[in-house]
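Engineer:
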Amino acid sequence: MFLTQLQNHLVQLYEAPTDYNIDDFLITNAQLADRLTPSGQRHNDERMLVLESEDGLDISVYIDAETLAQLADDDPLNALHEGNLAAFMLALEGVSHFHYLCWNAAYDKSVTLFELELQAEVDKYVAAVTLLGAQGNRNDANSVHQRLFDRVHYHQDLPEAHLARYQHANYYAAKYCHTLKNRFPHHDQQPPFINELRRFYRLTQNEKIRRIEGAA
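Residue numbers (the numbering used here): 37 to 252.
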């Protein structure tokens, strides 16, 4: 239910509905997820597993059961704080990957792994600052930006190509979210802010990068 709420938030924020609900594709069993995951990615507590066939895409989303249990006990939708922020970000990343892939697939648009990571980083920042704002913490955009982009750590066993992808996605998302922070200081859900997010969501990978570089 919590993941569905996060997905509904993305649907409304981006005006991007899809016929698929993440709960129907969720895996919480770590052993099953490991069997379905390439060895270089098995350390992740959140993974989207995709198999492309002639009939379409077979998708599963793994989110660690302990993370979901923590979110059930300490719901960030009621109060987002340092104690549940990491779990919130991890769950939202899984929802973001799933929803972005499904929404683009509905329009026969392919997406790259980098594009998925970039959009997920933006989604995490925007969701956190808007949720904190709704909870009366309107001055936390800087701390969220630092937490998400400046204090990031990567698993030491990541393959080099994966590490580079995560680092590049973090770099470009940090630049874009810094621009959002300056242009829309209160992230107050006003039309210019929403319209910017919706335009960005619909851009291709190269268009996203050009927009970020042009706004920096």
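Don't be surprised by glycine CBs; every beta carbon is placed ideally from N, CA and C.
From a predicted model like this one, the values you see are computed outputs, not experimental measurements.
Measure the alpha-carbon distance for residue 124 versus residue 158 and round it to whole angstroms.
Structural biologist: Between residue 124 and residue 158, the C-alpha separation is close to 14 Å.
Engineer: State buried or exposed for residue 166, treating a residue as buried only when at least 16 other CB atoms are found within 10 Å of its CB.
Structural biologist: Counting Cβ neighbours within 10 Å, residue 166 comes out buried, since at least 16 surround it.
Engineer: Pick from 249, 251, 227, 105: whose alpha carbon is nearest that of residue 51?
Structural biologist: Of the candidates 249, 251, 227, 105, the one whose C-alpha sits nearest the C-alpha of residue 51 is 227.
Engineer: Mind checking residue 69: buried by the 16 CB within 10 Å criterion, or exposed?
Structural biologist: Classification of residue 69: buried, given that the 10 Å Cβ count is 16 or more.
Engineer: Hey, could you find the ends of the alpha helix (DSSP H) residue 152 is sitting in?
Structural biologist: 149-170 is the span of the alpha helix (DSSP H), which, as asked, contains residue 152.
Engineer: Rounded to a whole number of angstroms, what is the C-alpha to C-alpha distance between residue 119 and residue 181?
Structural biologist: Approximately 17 Å, taken between the alpha carbons.
Engineer: Closest to residue 95 by C-alpha separation, out of 183, 115, 136, would be which residue?
Structural biologist: Considering only alpha carbons, the answer is 136.
Engineer: Please identify the residue among 100, 39, 199 whose C-alpha is closest to the C-alpha of residue 112.
Structural biologist: The residue with the shortest Cα to Cα distance from residue 112 is 39.
Engineer: Ignore the nearest five residues each way along the sequence and tell me which others in residue 83's own chain have a CB closer than 7 Å to its CB.
Structural biologist: The answer, listed in chain order, is 69, 73, 77, 98.
Engineer: Residue 63 and residue 43 look like a contact to me (Cβ under 8 Å); what is the Cβ gap, rounded to whole Å?
Structural biologist: Not confirmed; about 16 Å, so no contact.
Engineer: Which of the three DSSP states, helix, strand or coil, is assigned to residue 254?
Structural biologist: Because residue 254 is not part of the residues shown, which for the chain are 37 to 252, the question remains open.
Engineer: Can you check the region 194-238 for any alpha helix (DSSP H) of at least 4 residues that lies completely inside it and give the ranges in chain order?
Structural biologist: Listed in chain order, they are 196-219, 227-238.
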